[in-house]
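Participant: One structure is given below, represented as structure tokens, and several questions about it will come after.
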Amino acid sequence: MPSDKARVSFRVSVPKGYQAVANGTLRSERTKAGRTTYEFGTRDPIPTHVAQLAVGHLTEIKGKGPHGLPLRSFVDSSKAKAAGPRVALVPEQLKWVEQAIGAPYPFETYGVLGVGGVTGYALESATLSMFNADYLAQPGTDGVGTMIHELIHQYFGNAVSVKTWDDMWLSEGHAAYYTGLYHDSKGQTKLDDFMRDAWQFDSEERPKYGPPGRVTDLNGVLFGTNPGGAVTLYALRQRLGLPTFQKIEKTFFERFRNQAASTQDYIDVVNEVSGQDLTAFVNSWIYGAKTPPFPG
Ligand SMILES: [Zn+2]
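In our numbering, the protein residues as written are 1492 to 1787.
In structure tokens form, the structure reads like this:
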């Protein structure tokens, strides 16, 4: 269950020439008789589906984030040099995300993991988002929205995990919403255009995947929750105005940090902060058989 969180630790022994990395912080490292034993552990509870262990020829790239946050990224050694410029974007991305959500990054460390063999997806492994090493090694900033997406998941999805898989839109919807906001802030795609695309996708695909809060298809856990969840949050923002929406987001995050939250928990925060009963409004977006009309 995604709600069953735990502080995780890994103890792994590797032969000479290999490195290991896992969630959280390196607690010890000992080399004996040609083998190195690493112990990693997390300070905070994480949902176990974002536990991560990687072993390979990895190069560590250290850095500093906001408020002295220690950063450590690990990239397949053959791609480490080329990945330097994207890894160097992380401190700025953390700063942007902290400001957008209005809360400090929730874990003891952050970094990106670039490995081979993962194609077409990335994963928000806790404290160490995983990408294809080739993606990190790309020049320029096209597609760096995926880095923002996985970073947002450290807040929504990891620090605030979901209670059941039906609540997954709280994780994916937030990741997609803030990625749209990021593109807008960088002068790339206007938020309204981003949301129109999300709305269009959700309108067309909802019959196939089910509504964001009750997906009926395994692929729907990702594809049915990202655009539908993002446009739900946008609908709330359009209805209540930015300051109230931001207060909802901050309250929800702070209240459920290190816990798991349900759709009802989010609705309760919406109603409390806005002083209105928006239960039916949110339900129509999250559980309706058809996507409601585009906000505004
Ligand atoms: Zn995601």
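Built from N, CA and C at the ideal position, the CB exists for glycine as well.
For Ala1780, is the classification buried or exposed, using 16 other Cβ atoms within 10 angstroms of its Cβ as the cut-off for buried?
Facilitator: Its Cβ having fewer than 16 others within 10 Å, Ala1780 is exposed.
Participant: Identify which residue in Pro1718, Lys1681, Leu1604 has its Cα closest to the Cα of Ile1690.
Facilitator: It should be pointed out that residue 1690 corresponds to Trp in this sequence rather than to Ile. Looking at the Cα atoms, Pro1718 is the closest of the given residues.
Participant: Could you check what DSSP says for Thr1539 in three-state terms: helix, strand or coil?
Facilitator: Correct three-state label for Thr1539: helix.
Participant: Who are the near neighbours of Gly1556 in its chain, counting only those whose CB is closer than 6 Å to its CB and skipping five residues on each side?
Facilitator: Closer than 6 Å at Cβ, skipping near neighbours: Leu1562, Pro1582, Leu1585.
Participant: If you drop the 5 nearest sequence neighbours on each side, which residues of the same chain put their C-beta closer than 8 Å to that of Ile1739?
Facilitator: Closer than 8 Å at Cβ, skipping near neighbours: Leu1727, Leu1731, Val1760, Val1761, Val1764, Ser1765.
Participant: Using a Cβ-Cβ cut-off of 7 Å (strictly less than) and excluding sequence neighbours within five positions of Asp1567, which residues of its own chain qualify?
Facilitator: Same-chain partners within the cutoff: Gly1547, His1548, Leu1549, Gly1605, Val1606, Gly1607, Ala1624.
Participant: Going by DSSP, what residue range makes up the beta strand (DSSP E) through Val1706?
Facilitator: It is not in any beta strand (DSSP E) - Val1706 carries neither H nor E in the DSSP assignment.
Participant: Does the Cβ-Cβ distance between Arg1748 and Pro1597 come in under 7 Å?
Facilitator: A contact, by the Cβ cut-off of 7 Å.
Participant: Which same chain residues, not among the five before or five after Val1588, have their C-beta less than 6 Å away from its C-beta?
Facilitator: Around Val1588: Leu1642.
Participant: Buried or exposed for Tyr1612, going by 16 or more other Cβ atoms inside 10 Å?
Facilitator: The residue in question, Tyr1612, is exposed, as its Cβ has fewer than 16 Cβ neighbours within 10 Å.
Participant: Anyone know if the C-beta pair for Tyr1757 and Phe1743 falls short of 7 Å?
Facilitator: Yes, the pair counts as a contact, with Cβ atoms nearer than the cut-off.
Participant: Please go through the same chain and pick out, in chain order, the residues whose beta-carbon is closer than 7 Å to the beta-carbon of His1674, but skip the five residues on each side of it.
Facilitator: The residues are Gly1636, Thr1680, Phe1685.
Participant: Sort out for me which residues DSSP pairs Glu1763 with in a bridge.
Facilitator: DSSP, once it has assigned bridges, lists no residue as partnering Glu1763.
Participant: Do Ala1666 and ligand 1 come close, with the Cβ less than 6 Å from some heavy atom?
Facilitator: Yes, Cβ of Ala1666 sits closer than 6 Å to a heavy atom of ligand 1.
Participant: For Tyr1529 and Val1503, which I take to be in contact (beta-carbon distance under 8 Å), what is that distance rounded to the nearest angstrom?
Facilitator: Confirmed, Cβ separation roughly 6 Å.
Participant: In angstroms, rounded to a whole number, what distance separates the CA positions of Ala1721 and Thr1522?
Facilitator: About 47 Å.
Participant: Less than 6 Å separating the Cβ of Glu1663 from some heavy atom of ligand 1?
Facilitator: Yes, ligand 1 has a heavy atom inside 6 Å of this Cβ.
Participant: Tell me the DSSP bridge mates of Ala1751?
Facilitator: Its beta-bridge partners are Ser1652.
Participant: Look up Arg1521 in the DSSP assignment and give the residues it is bridged to.
Facilitator: Beta-bridge pairing links Arg1521 to Thr1528.
Participant: Return helix, strand or coil for Arg1563, following the three-state DSSP convention.
Facilitator: Three-state result, Arg1563: strand.
Participant: Short check: CB of Ser1753 to CB of Asp1658, under 7 Å?
Facilitator: Yes, the pair counts as a contact, with Cβ atoms nearer than the cut-off.
Participant: By a C-beta neighbour count over all protein chains shown, 10 Å radius and 16 as the cutoff for buried, is Lys1570 buried or exposed?
Facilitator: Classification for Lys1570: buried.
Participant: Let me know the secondary structure DSSP gives Val1503 once reduced to three states.
Facilitator: Val1503 falls in the strand class under three-state DSSP.
Participant: Taking its Cβ as the centre, do 16 or more other Cβ atoms sit within 10 Å of Asn1649, making it buried, or is it exposed?
Facilitator: Classification of Asn1649: buried, given that the 10 Å Cβ count is 16 or more.
Participant: Would you list the one or two residues that DSSP bridges to Thr1600?
Facilitator: According to DSSP, which records beta bridges pairwise, Thr1600 is partnered with nothing at all.
Participant: Over the uninterrupted beta strand (DSSP E) stretch that includes Gln1510, give me the two end residues.
Facilitator: It spans 1510-1513 - the beta strand (DSSP E) in which Gln1510 sits, taken as one unbroken run.
Participant: Pull up the DSSP beta-bridge partners for Glu1551, would you.
Facilitator: Glu1551 pairs with Phe1565.
Participant: Whole angstroms are fine: how far does the CA of Lys1741 sit from the CA of Thr1707?
Facilitator: The alpha-carbon atoms of Thr1707 and Lys1741 are separated by roughly 30 Å.
Participant: Leaving aside the five residues before and after Leu1544 along the sequence, list all residues of the same chain whose C-beta is less than 6 Å from its C-beta, in chain order.
Facilitator: For Leu1544, where only same-chain residues beyond five positions count, the Cβ hits under 6 Å are Phe1501, Ala1513.
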